[in-house]
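With the numbering used here applied, the sequence shown corresponds to residues 20 to 316, in that order.
What follows is one structure encoded as structure tokens, with my remarks underneath.
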Amino acid sequence: MIDAKPAPTYAWVLNLDAELELAQPSYTPSTQMAQQQATFGSASERLLGPQDILIQRLASGDPRHYVGRAWCPTPRALAVMKAAHIPAEPHPHVSTLRLVNHRAFAHKLNLGLPEQHLVHDEASLYALVENAQRPWLLKRPLAFAGRGQRRIIGPIDDATSAWIAASLRADALIAEPLVSLCEEFSLHGFIWRDGRRELGQPCVQTVTARGVFREVRRALNDDLAKHERDALFDAAQTTAQALYEAGYFGPFGIDGYRYRRAEGAANEEFCALSEINARYTMSFVTGFPIHPGELHL
20 MIDAKPAPTY AWVLNLDAEL ELAQPSYTPS TQMAQQQATF GSASERLLGP QDILIQRLAS
80 GDPRHYVGRA WCPTPRALAV MKAAHIPAEP HPHVSTLRLV NHRAFAHKLN LGLPEQHLVH
140 DEASLYALVE NAQRPWLLKR PLAFAGRGQR RIIGPIDDAT SAWIAASLRA DALIAEPLVS
200 LCEEFSLHGF IWRDGRRELG QPCVQTVTAR GVFREVRRAL NDDLAKHERD ALFDAAQTTA
260 QALYEAGYFG PFGIDGYRYR RAEGAANEEF CALSEINARY TMSFVTGFPI HPGELHL
């Protein structure tokens, strides 16, 4: 499915904090966030083709020789391109980006963890987590790399109560049983503007206990049972169709995992869709057969 047209040379904006901007349009990165992006940015530079460049390193040269591309084409990323007089590649509208990266979009596909809930008010949330004899995990709907999450183990303390209230004033929360992860996987794809799409191959991801990316490798044949592999591909196909119908085109990835319902439980289960990343990811180059430098919209 490689387009026959020659790919342009891209000037990239690696805005790894895109979800924070989608959650709050007035968002401005803090000094700490800028430092964290600089630290993790080196890994994301694998997305660049051999002639591509980071837009902040474009000291001279005719900007017409480049096309702007972003980790996620948010308004801030597009503004950086405009300031450099570099035209952006075709991209979805920011309202579409917010819709499809919001956890409610994945939740509605009904492919996630059983007993997952989308909660809009404190009364419903407290009734859910306080009446169940199990730990819970709460997730803000637009976050990344393990941010915006809170574990509920035992009574809800004042700090957690304040976090819940602030979260629900801004948006909804995803609430799901806190499970014991055994192995995490991802599968990537690309959707062209005409609706064509292609999927890559599953990857095994290593993240910290809080969900921060560490490393990735292509999955081997025995890393996934057949029913798990089939479920992951089915979830990716369903996701691709839903993204296209919502007006999204470009790169995407889904995450899934093998888990036990509790630490030390005997049976392992599989969640084929824990979240959707409608953007580039740290794992895209590993999991997709075509390098981004050869992909264009």
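Heads up, the beta-carbon is just placed ideally off N, CA and C, and yes, glycines get one too.
This one's a predicted model, so the numbers in the text were calculated from it and none came from an experiment.
Cα-Cα separation, glycine 60 to valine 32
10 angstroms
Taking the C-alpha atoms as reference points, what is the distance between proline 106 and phenylalanine 268?
18 angstroms
If you compare alpha carbons, which of Glu195, Leu130, Ala123 is closest to glutamine 152?
Glu195
If I'm right that cysteine 91 touches arginine 237 with Cβ under 8 angstroms, what's the distance once you round it to whole angstroms?
About 24 angstroms separates the two Cβ atoms, so there is no contact after all.
How many whole angstroms separate the CB atoms of glutamate 108 and histidine 315, which I take to be in contact at a CB cut-off of 8 angstroms?
7 angstroms
Have a look at Gly208, Glu264, Glu202, Phe271 and flag the residue whose alpha-carbon is nearest the alpha-carbon of glutamate 247.
Glu202
State the start and end residues of the unbroken beta strand (DSSP E) segment that holds glutamine 168.
168 to 171
What is the DSSP secondary structure of proline 82, counted as helix, strand or coil?
helix
Leucine 67 and glycine 312: beta carbons closer than 8 angstroms?
yes
Between the segment 131 to 145 and the segment 289 to 306, do three or more beta carbon pairs fall short of 8 angstroms?
yes
Tell me, to the nearest whole angstrom, how far the beta carbon of leucine 144 is from that of isoleucine 183; I am working on the premise that it is less than 8 angstroms.
6 angstroms
Residues near leucine 41 by beta carbon distance below 7 angstroms, same chain, minus five either side
Thr93, Leu116, Arg117, Asn120, Leu161
Which two residues bound the contiguous alpha helix (DSSP H) that contains isoleucine 309?
Here isoleucine 309 belongs to no alpha helix (DSSP H), and DSSP marks it neither H nor E.
With distances taken between CB atoms, is the gap from threonine 300 to histidine 207 smaller than 8 angstroms?
yes
Mapping the DSSP letters down to three states, classify leucine 292 as helix, strand or coil.
strand
Continuous beta strand (DSSP E) stretch holding isoleucine 210: start and end:
199 to 210
Assuming glutamine 56 and leucine 35 make a contact with CB atoms under 8 angstroms, what is their CB distance in whole Å?
5 angstroms
Quickly, what does DSSP pair lysine 158 with across the bridge? List them, please.
Gln168, Ile193
The beta strand (DSSP E) enclosing glutamine 224, as first and last residue numbers:
222 to 226
Hey, proline 221 and phenylalanine 209 are a contact pair by Cβ (cut 8 angstroms); roughly how many whole angstroms apart?
With 8 angstroms as the limit, proline 221 and phenylalanine 209 do not qualify as a contact, their Cβ atoms being about 16 angstroms apart.
Local Cβ density within 10 Å of threonine 258, reported as buried at 16 or more and exposed below that
buried
State the Cα-Cα distance for the pair methionine 20 and proline 82, rounded to the nearest angstrom.
Residue confidence for methionine 20 is low, a pLDDT of 46 falling below 50, so the modelled location carries little weight; the figure read from the coordinates is stated next. For methionine 20 and proline 82, the distance between alpha carbons rounds to 29 angstroms.
Does the Cβ of leucine 243 have 16 or more other Cβ atoms within 10 Å, making it buried, or fewer, making it exposed?
buried
With a Cβ-Cβ cutoff of 8 angstroms, do lysine 158 and leucine 192 count as a contact?
yes
Can you tell me where the beta strand (DSSP E) holding phenylalanine 252 begins and where it ends?
First-last for phenylalanine 252: 245 to 264, but that is the alpha helix (DSSP H), not the beta strand (DSSP E).
If you measure between the beta carbons of leucine 200 and tyrosine 85, is that distance less than 8 angstroms?
no
Starting from proline 322, follow the alpha helix (DSSP H) in both directions and report where the run begins and ends.
Residue numbering for the chain in the displayed model covers 20 to 316; residue 322 lies beyond these limits and cannot be assessed.
Indicate whether proline 154 and arginine 170 have their beta-carbon atoms separated by less than 8 angstroms.
yes
Quick check on DSSP: helix, strand or coil for alanine 23?
Note that alanine 23 scores a pLDDT of 46, beneath 50, so its modelled location is shaky and nothing firm can be said.
Using only CA atoms, which one of Pro27, Ala284, Gly219, Tyr29 lies nearest to alanine 255?
Gly219
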